[in-house]
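Take the sequence shown: its position 286, counted from the start at 1, is 285 in numbering that gives the first Met the number 0, and no numbers get skipped.
Quick reminder that beta carbons are idealized off the backbone N, C-alpha and C, glycines included.
From a predicted model like this one, the values you see are computed outputs, not experimental measurements.
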Amino acid sequence: MNSYSIAVLPGDGIGKEVTEPCVDLMHLVCARIGGLKLTTQTLPAGANTYQQTGNALPDSTVQQARAADAILLAAMGDPAIRYPDGTEITPQIDLRFILGLYAGVRPVRSIPGVPVPLADKRAADIDFVLVRESIEGLFAPNAVGTLTNDSVATETLVITREVSEKLFNATFGLWEKRRKTGRGTNRVTCIDKANVFGAFAFFRKIFYEVASQYEAPSEHAYVDAMAMHLLTRPWEYDVMVTENMFGDILSDQAAALVGGMGYAPSADIGDKHAVFQPCHGSAPDIAGKGLANPTAMFLSGAMLLDWLADKHDDNNARKAADLIERAVFAAFADGKLRTCELGGDSGLFDVTNAVSSAAKNLSI
Ligand code: ATP
Numbered sequence: 000m001n002s003y004s005i006a007v008l009p010g011d012g013i014g015k016e017v018t019e020p021c022v023d024l025m026h027l028v029c030a031r032i033g034g035l036k037l038t039t040q041t042l043p044a045g046a047n048t049y050q051q052t053g054n055a056l057p058d059s060t061v062q063q064a065r066a067a068d069a070i071l072l073a074a075m076g077d078p079a080i081r082y083p084d085g086t087e088i089t090p091q092i093d094l095r096f097i098l099g100l101y102a103g104v105r106p107v108r109s110i111p112g113v114p115v116p117l118a119d120k121r122a123a124d125i126d127f128v129l130v131r132e133s134i135e136g137l138f139a140p141n142a143v144g145t146l147t148n149d150s151v152a153t154e155t156l157v158i159t160r161e162v163s164e165k166l167f168n169a170t171f172g173l174w175e176k177r178r179k180t181g182r183g184t185n186r187v188t189c190i191d192k193a194n195v196f197g198a199f200a201f202f203r204k205i206f207y208e209v210a211s212q213y214e215a216p217s218e219h220a221y222v223d224a225m226a227m228h229l230l231t232r233p234w235e236y237d238v239m240v241t242e243n244m245f246g247d248i249l250s251d252q253a254a255a256l257v258g259g260m261g262y263a264p265s266a267d268i269g270d271k272h273a274v275f276q277p278c279h280g281s282a283p284d285i286a287g288k289g290l291a292n293p294t295a296m297f298l299s300g301a302m303l304l305d306w307l308a309d310k311h312d313d314n315n316a317r318k319a320a321d322l323i324e325r326a327v328f329a330a331f332a333d334g335k336l337r338t339c340e341l342g343g344d345s346g347l348f349d350v351t352n353a354v355s356s357a358a359k360n361l362s363i
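Pasting the structure below:
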């Protein structure tokens, strides 16, 4: 029996609401598959923790997260609770820097039964991964912006060879993994703005250096063109990789293609540690109303188990991840669940019940 310790950081708003159903689902699938066990430890962090203690990310939380086999994080932040300089509280971003989580892996996949905004029937085939560099670019912590005399503001975009090489190796590794499972059939696309910025020309140069070591067909695209291609032919893409800020923006657009933020899981992966969390924020507008869609959280839980499976060569963890994915697909298959992002009234409990019941009943 393999046993894994999972640090659980529910955070704020709907983050707290989607956490418990996800942890329950993960225990459920592990019990059904057998041969693996999760021990979970809930840790404080986020805007409410800041309000109560003056520290959004306590040292003890970081220590325990670091010691865990994997970290499950829901959503953090609240526009009503801010630092004295007016910025929002984002310990989830701090954790990426602290743990060196350079690869933000964001799978985007249409779920049959969930309506998509594009009318073209090929939208049902959307299945790509956007890899967002997550510790430098325009978010680099060592590139503090300036404001001079209330007249000139600057920000700095940082691209390093070390992080870019690791990022691209992770990206091509992902392509190889998808190809093994019959999904990595297409190509790897580097998204940049190398025609205008030297930093992006450097980013692209390193991309092709790393690409030369892999079999995957590779190409590049400008971010502005990609914003259009994502709307006109997203089904043609397979694995894409980009800088932090571009990835932040494009991943919200990508989530919209398959139903909205409630359907978009993610993983932030480094050399040693990994955090799994839905792409959405704490959504204060719907918090406390039972409307939160837990699907992105469930799929993030599946990504966590799949990552443990790779790391520990654990076939039971892979089966548990697969069972969550199949349960999500089964729950939405008849098209009756309609979550609030899509104008329906299926809420947290409806989606949780449908997915849990599929996870209990599907064959393994
Ligand atoms: P952030 O600014 O940190 O990204 P946010 O919560 O303000 O966080 P998003 O996560 O981008 O913003 O979400 C935008 C809107 O999408 C939310 O205000 C909410 O209405 C909706 N939304 C987000 N996640 C979900 C979800 N899981 N279920 C249902 N609706 C959601």
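Residue i: CB within 8 Å of a non-hydrogen atom of the ligand ATP
i           : result
residue 47  : no
residue 164 : no
residue 349 : no
residue 295 : yes
residue 285 : yes
residue 18  : no
residue 357 : no
residue 264 : no
residue 13  : yes
residue 292 : yes
residue 103 : no
residue 86  : no
residue 340 : yes
residue 21  : no
residue 219 : no
residue 353 : no
residue 301 : no
residue 343 : no
residue 251 : yes
residue 246 : no
residue 78  : yes
Boundaries (first-last residue) of the beta strand (DSSP E) holding residue i
i           : result
residue 310 : Premise fails: residue 310 lies in the alpha helix (DSSP H), 294-311, not in any beta strand (DSSP E).
residue 129 : 126-132
residue 36  : 35-41
residue 230 : From DSSP, residue 230 is part of no beta strand (DSSP E) but of the alpha helix (DSSP H) over 222-231.
residue 102 : 102-108
Alpha-carbon spacing of residue i relative to residue j, whole angstroms
i           : j           : result
residue 212 : residue 345 : 47 Å
residue 193 : residue 239 : 16 Å
residue 105 : residue 316 : 20 Å
residue 351 : residue 201 : 45 Å
residue 237 : residue 70  : 26 Å
residue 349 : residue 17  : 12 Å
residue 215 : residue 284 : 43 Å
residue 248 : residue 185 : 23 Å
residue 332 : residue 110 : 8 Å
residue 60  : residue 8   : 9 Å
residue 312 : residue 176 : 14 Å
residue 251 : residue 278 : 8 Å
residue 210 : residue 63  : 36 Å
Which listed residue (the options) has its alpha carbon closest to that of residue i
i           : options            : result
residue 79  : 63, 282, 275, 145  : 282
residue 339 : 304, 273, 151, 260 : 260
residue 58  : 42, 47, 84, 33     : 42
residue 232 : 148, 218, 127, 321 : 127
residue 256 : 244, 276, 280, 226 : 226
residue 326 : 357, 335, 347      : 357
residue 76  : 10, 308, 144       : 10
First and last residue of the uninterrupted alpha helix (DSSP H) at residue i
i          : result
residue 75 : Here residue 75 belongs to no alpha helix (DSSP H), and DSSP marks it neither H nor E.
residue 26 : 13-32
residue 49 : 46-52
Residue-level contact to chain B via CB, residue i, 9 Å cutoff
i          : result
residue 64 : Protein chains in the displayed structure number just one, and chain B is not present.
Does the segment 35-54 touch the segment 4-19, meaning 3 or more C-beta pairs lie closer than 8 Å?
yes
I want to know whether the segment 299-310 touches the segment 255-275 - three or more CB-CB distances under 8 Å.
yes
Evaluate contact between the segment 44-51 and the segment 307-316, counting only Cβ atoms and requiring at least three cross-stretch pairs below 8 Å.
no
If we count Cβ pairs, one from each stretch, closer than 8 Å, do we get three or more for the segment 283-291 versus the segment 9-24?
yes
Determine, using beta-carbon pairs with one atom in the segment 117-126 and one in the segment 79-99, whether at least three such pairs fall under 8 Å.
no
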